[in-house]
Amino acid sequence: MATALVNIVTLSQEVYDDGQKIASATEETLPGILNKILGTYLGWPLKIRSGYLIDKEKSRSDIFASVIYAAQAGTTAETHGIHADNAAVVIDVYENLDSDKFRDSYARIAKAKRLKKTTAPTLNGVAIQTTTLGIIFALRSTVPLDYIAEELGRLNTSTPSQEWPDMVVVATVGIVNYAVQFPGESLSGHLLPPAPRARDAYTPPMYILIIVRPTGGYTFNSMLGFLIGQLFFFSPGVQLPDMKHVVEGVPNQAITFSGFQYNLNGDLVPVPRQFYNDRYLPPLPVNIEDHSGNLLCTLQFLPWQDGGTILLKGKLPLEGIMPFFTGVDMRRAGKIKRDDYEIAYVLPIKEEDFKAMLVKIRERSKMVVQFPQPKWTIQKVSNEGTSTPFIARLFLGILKLRDVIMSGPDERNKFDTLYDIVLSSLRTARKSTQRITELWQEHSRMVTSGEIARLQNQMIHIEESIDEELRREVEIFVIAAGRTIKEGMQKFTAAAQVDIGFLFQKQAAFEAGLANLEITDPTLADYLQQTRRWSERLQNCRNSIEHKGWILGRVTYSREANTIKAIQPTISGQSVTDFVSFAFDRVACFVEELSAFCVQRQVPEGVTIAEIPLAERPEEAPERFQVTLARGGLPPWQIDYHETLFEET
């Protein structure tokens, strides 16, 4: 046992050390070093060298620095030519990768993958892979891997999936490639290119996601493990290292980007935006019971591109359900089986077909169809969606960051409960801010226009008053805004081991707490010191309302020539509308930035949070933050106090 363990650790470490040797190469030495090191892991008949591919119709690819091929099958007269049938992997090698080089390499790999190959024989019980794997390898990248992943998604949208590159590698930084995800599951392993005709008979119900992995020093381990998976099926029986031992220690964290699905033609196409997790709720599952009320299974219809699939949980197999469909080619009706559920291959069915099937189950079998009561209630809270910065950033954005640090339902529920306390008060403050502004603007207009104001005997007569309503809304605003930052954010940050309690204490206690924080986190200390300038005014106002009986002064009026004008009451030296607008804007920024800071402290090793430039935020959901690689990604965000308006930040 001890000896075996040493060997396993040695193999992973050996690959790791080889990765460091490759990373220290120069532009001139890189191809030779890479090929020499990869060659040590290849068993006969596999070889590696530079060259181009040529197919049976004499079409040629560009020259690649590294081609892994089977030496015994097929020949070609060209010195540097390698028959396309024999090519298992092409690797396009760069010292420095940039956007233009990436697009050029994408096209070079697509050209190589378009070459014609001889149809592979069908061998019973033996899986054969004849597709050529395409990898872009670089020592460094002058652009963040986030941009590479986004550009990969754009190019893939207009390129047949058979021509996509399979992996982008930046030595000692990370990789960009594809992961498989089945409905209801987390990400699984790397996606290897499917064998030719593999999608002719069925359409798998899986998502293909572009991901970035912060593999760091283990990047070569990850790449070699991926290659082993390809070569195992390309050349069955070849001697290769144990993939599990090669990837031992490789970080498993992944940042997801765009997603794709197979349609019924076997093509990978983008997942429709309405089916993304942040905006899609699938149809409710249906219970199938026997006449005694015992649950046999639950069935759930899931729409899928130009068809649909069925998710079954329970003891009744899918084979017992599928015959109730009519007009469906059952030769495509396979399934994927998991421990606790089964999911059908994608079929040319819609939700109407699923409902018709349920009717037939009820009419033609002894089974009972029950529609369970919904477990969730979706309640409209405002007349706006994720296209507004407030919703996109403080609702959607923060919850997406939450998903990076919390995967379990209990953890998420705790986070959501604490954050809902914050948002509930913040929404109340926002509503009052809007009402105060609308109330004042309308009253001021009606006074100035003379609709409710007149001069008589040198006296100003006002026929409508907003004093009571204005006082009520100001009180609601001040208390809600104060509760947001003091009760709400103080509890929320405490759950992330961030203590901001001293921010709300008297000056001496505040200064003592600030001094302690400056030792451990001077950046946060500076942020809270700047925050104190407005938060103290807000809390003083709240205390005056709750403990001293303070009320807002009345609206006053003045005559200017023959016009009457309304004059706003003031709070802390500012007009009432200026005060509530300023205070709400500061509170909104505080909530977003301190929440993001708390998440950033808890993200897994290798990733961090970046700020999306204002001009680059999508109109449909202008989120401010995204997850990125700590090294090789976008510039890490750092909490920093500012006076820019929330919507301009």
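With positions in the sequence shown counted from 1, the corresponding number in the working numbering is that position plus 1113.
We put the beta carbon where it would ideally sit given N, CA and C, even for glycine.
| task | Measure the C-alpha to C-alpha separation of ILE1765 and PHE1215 and round it to an integer number of angstroms. | result | There is no way to answer for residue 1765, as the model of the chain reaches only from 1114 to 1762.
| said: In the DSSP output, what is GLU1673 paired with across the bridge? | reply: In the DSSP output, where bridge partners are listed per residue, GLU1673 has THR1676.
| How should PHE1484 be labelled, buried or exposed, when 16 other C-beta atoms within 10 angstroms of its C-beta is the threshold for buried? | By the neighbour-count criterion, in which 16 or more other beta carbons inside 10 Å mark a residue as buried, PHE1484 falls on the exposed side.
| field | Nonlocal neighbours in the same chain, by C-beta distance under 8 Å from TYR1670, ignoring five residues either side | value | The answer, listed in chain order, is VAL1560, ALA1566, ILE1573, ILE1575, ILE1677, LYS1678, ALA1679 and ILE1680.
| said: Among SER1545, PRO1318, HIS1196 and LYS1619, whose alpha-carbon lies nearest the alpha-carbon of GLN1294? | reply: Per the Cα distances, PRO1318.
| request: Compute the Euclidean distance between the alpha carbons of GLN1687 and LEU1707, then round it to the nearest angstrom. | output: C-alpha separation (whole angstroms): 26 Å.
| field | Buried or exposed (CB count within 10 angstroms, at least 16 for buried), LEU1259 | value | In the sequence as displayed, the identity of residue 1259 is Asp instead of Leu. By the Cβ neighbour-count rule, ASP1259 is buried, with 16 or more other Cβ atoms within 10 Å of its own.
| Contact check, LEU1431 vs GLU1455, beta carbons under 8 Å | In this structure, GLU1455 lies closer than 8 Å to LEU1431 by Cβ.
| Which one or two residues does DSSP pair with GLU1455 in a beta bridge? | Secondary-structure assignment with DSSP links GLU1455 through a beta bridge to LEU1425 and LYS1450.
| said: Going by C-alpha to C-alpha distance, which of HIS1755, VAL1693, GLY1372 and PRO1717 sits closest to ILE1589? | reply: Minimum Cα distance to ILE1589 is reached at VAL1693.
| Mapping DSSP to helix, strand and coil, what is GLU1208? | For GLU1208, the secondary structure class from DSSP, reduced to helix, strand or coil, is strand.
| query | Pick from GLY1666, ASN1675, ALA1696 and LEU1507: whose alpha carbon is nearest that of PRO1682? | reply | It is GLY1666 whose Cα lies nearest to the Cα of PRO1682.
| said: What would DSSP say about MET1114, mapped onto helix, strand or coil? | reply: Reliability fails at MET1114, whose pLDDT of 41 lies under 50, so the model's placement of it is uncertain and the value that follows must be treated cautiously. Three-state result, MET1114: coil.
| field | Coil, strand or helix - LYS1224 by DSSP | value | Looking at LYS1224 - three-state DSSP - the assignment turns out to be helix.
| Nearest chain B C-beta to ILE1434 closer than 8 Å, yes or no? | The chain labelled as chain B is not found in the depicted structure, where only one protein chain is given.
| Who are the near neighbours of THR1139 in its chain, counting only those whose CB is closer than 8 Å to its CB and skipping five residues on each side? | Within the same chain, THR1139 has close Cβ partners GLU1208.
| Are LYS1599 and PHE1623 touching if we call contact CB-CB under 8 Å? | PHE1623 is positioned such that its CB atom lies no closer than 8 Å to that of LYS1599.
| query | If we count the other Cβ atoms within 10 Å of its Cβ and call it buried at 16 or more, is SER1648 buried or exposed? | reply | Flag for SER1648 reads buried.
| query | Could you give the uninterrupted runs of the alpha helix (DSSP H) lying entirely in the stretch 1678 to 1717, keeping only those of 4 residues or more? | reply | 1689 to 1715, all fully within the stretch 1678 to 1717.
| request: Indicate whether ARG1326 and ILE1288 have their beta-carbon atoms separated by less than 8 Å. | output: With contacts defined as CB atoms closer than 8 Å, ARG1326 and ILE1288 qualify as a contacting pair.
| said: On the DSSP letters alone, give me the boundaries of the alpha helix (DSSP H) that LEU1583 sits inside. | reply: Per DSSP, LEU1583 belongs to the alpha helix (DSSP H) from 1580 to 1596.
| task | Take THR1439 as the anchor and find which of GLY1427, ALA1469, GLU1524 and PHE1414 has the nearest alpha-carbon. | result | The candidate whose alpha carbon is nearest that of THR1439 is ALA1469.
| What residue does the alpha helix (DSSP H) around ALA1607 start on, and which one ends it? | Bounds of the alpha helix (DSSP H) holding ALA1607 are 1602 to 1608.
| query | Measuring CA to CA, which of GLU1761, LEU1630 and VAL1256 is closest to ILE1613? | reply | Among GLU1761, LEU1630 and VAL1256, the Cα nearest to that of ILE1613 belongs to LEU1630.
| field | Host alpha helix (DSSP H) of LEU1258 (start-end) | value | That run of the alpha helix (DSSP H) goes 1258 to 1270.
| Quick one: Cα of VAL1202 to Cα of PHE1414, how far? | Each residue's Cα considered, the two are about 39 Å apart.
| According to DSSP, is ALA1138 helix, strand or coil? | In the structure shown, ALA1138 sits in coil (DSSP, three-state: anything other than H, G, I, E or B).
| request: Output yes or no for whether 8 Å exceeds the beta carbon distance between VAL1591 and LEU1536. | output: VAL1591 places its beta carbon 8 Å or farther from that of LEU1536.
| Nearest-angstrom Cβ-Cβ length linking VAL1283 and ASP1211, presumed shorter than 8 Å | That belief does not hold up - the Cβ atoms of VAL1283 and ASP1211 are roughly 12 Å apart, past 8 Å.
| field | MET1356 - containing alpha helix (DSSP H), residue span | value | Run containing MET1356: 1356 to 1359, per the alpha helix (DSSP H) assignment.
| Can the beta-carbon of ILE1518 be found closer than 8 Å to that of VAL1712? | For ILE1518 and VAL1712, yes; Cβs fall inside 8 Å.
| ILE1368 bridges to which residues according to DSSP? | DSSP output for ILE1368 lists VAL1325 as bridge partner(s).
| request: With a threshold of 16 other CB atoms inside 10 Å of the CB of LEU1568, please say whether the residue is buried or exposed. | output: Classification of LEU1568: exposed, given that the 10 Å Cβ count is below 16.
| Are the stretch 1349 to 1359 and the stretch 1145 to 1156 touching by the rule of at least three beta carbon pairs closer than 8 Å? | Contact between the stretch 1349 to 1359 and the stretch 1145 to 1156 is present, with at least three C-beta pairs closer than 8 Å.
| Taking the alpha-carbon positions, what's the THR1142 to GLY1247 distance? | Counting only the Cα atoms, GLY1247 lies some 21 Å from THR1142.
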